[in-house]
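Undergrad: Provided herewith is a single structure, encoded as structure tokens, for subsequent inquiry.
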Amino acid sequence: EPEVTQTPSHQVTQMGQEVILRCVPISNHLYFYWYRQILGQKVEFLVSFYNNEISEKSEIFDDQFSVERPDGSNFTLKIRSTKLEDSAMYFCASRYQTGSGETQYFGPGTRLLVL
Amino acid sequence: AQTVTQSQPEMSVQEAETVTLSCTYDTSESDYYLFWYKQPPSRQMILVIRQEAYKQQNATENRFSVNFQKAAKSFSLKISDSQLGDAAMYFCAYYGGSQGNLIFGKGTKLSVKP
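Taken in order, these protein sequences are the chains called A and B. Take any residue in the first sequence, note its place counting from 1, add 1, and you have its number in the working numbering. Take any residue in the second sequence, note its place counting from 1, add 140, and you have its number in the working numbering.
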């Protein structure tokens, strides 16, 4: 069964460093998402991406964040200058198309720790 | 704005028994979707069950079923014949209207006692 994959599974970085989190969505999916979950808290929406552009973003998704789909398969989240409070689990999700049940399928997550 | 509330931070059930997790939501939309996701200690988000708001029939997936009360804006998850592997965090999530993202509740931690 097709699944969303994410790399790396864990990332440790120093405050102020740039990190890139990578995701490979399910191949025929058209909508892509990033969510984050700070330890012990609920899952929060960051950004959605469709047709090679951001379709929606939350207040969390400030100028330090960017997303890209560079090659038609990968979907990346870049944090330019990491802060301590960026430490969280980051989930990528993808969805097929409107009218298909709107189900988002999640990857296994990347656990980011900023020191 | 849409909100999702899970009022039970923790629940416990005996193996083979039945447990119900509560979820309420607030929306002014008429067409939307509701989901339950399971998050085991590995922290992966696994879809458990989905309900379309336009369907009156409650969704069922093997031992998992929902009680969807649209007027009351309630969407509870029933787990029958609970197994040790059901122990996890369970998140209720809403999708609908103009926003394209899922809105999650705070989760319920389910423990299963042998």
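The beta-carbon is built from N, C-alpha and C at its ideal position, and this holds for glycine as well.
(1) The ligand GTP heavy atoms versus the CB of Phe62 of chain A: any closer than 7 Å?
(2) Could you check how far apart the C-beta atoms of Tyr172 of chain B and Gly236 of chain B are, in whole angstroms? I think they sit under 8 Å.
(3) Would you list, in sequence order, the uninterrupted beta strand (DSSP E) runs of no fewer than 3 residues that lie entirely inside the stretch 144 to 179 of chain B?
(4) Where does Glu2 of chain A fall in DSSP's three states?
(5) Give a yes or no on whether the C-beta atoms belonging to Gln12 of chain A and Cys93 of chain A are separated by under 8 Å.
(6) I want to verify the contact list: residues of chain A whose CB lies under 9 Å from the CB of Gln184 of chain B, in sequence order.
(7) Taking Cβ-Cβ distances shorter than 9 Å, what residues in chain B pair up with Tyr97 of chain A?
(8) Got a sec: which bits of the stretch 41 to 68 of chain A sit with their beta carbon under 7 Å from any beta carbon on chain B, in order along the chain?
(9) Using Cβ-Cβ distances below 7 Å, what residues of the stretch 215 to 248 of chain B are close to chain A?
(10) Taking CB distances under 8 Å as the criterion, tell me whether Leu174 of chain B reaches chain A.
TA: Looking at the atomic coordinates:
(1) Absence of the ligand GTP is noted for the structure shown, with no ligands found whatsoever.
(2) 2 Å
(3) 150 to 154, 159 to 161, 164 to 166 and 172 to 179
(4) coil
(5) no
(6) Phe92, Phe107, Gly108, Pro109 and Gly110
(7) Near Tyr97 of chain A there are no residues of chain B at all, since even the closest Cβ is about 13 Å away, more than 9 Å.
(8) Lys43, Val44, Phe46, Ser49, Ser56 and Glu57
(9) Phe231, Tyr235, Gln239, Gly240, Asn241, Leu242, Phe244, Gly245, Lys246 and Gly247
(10) no
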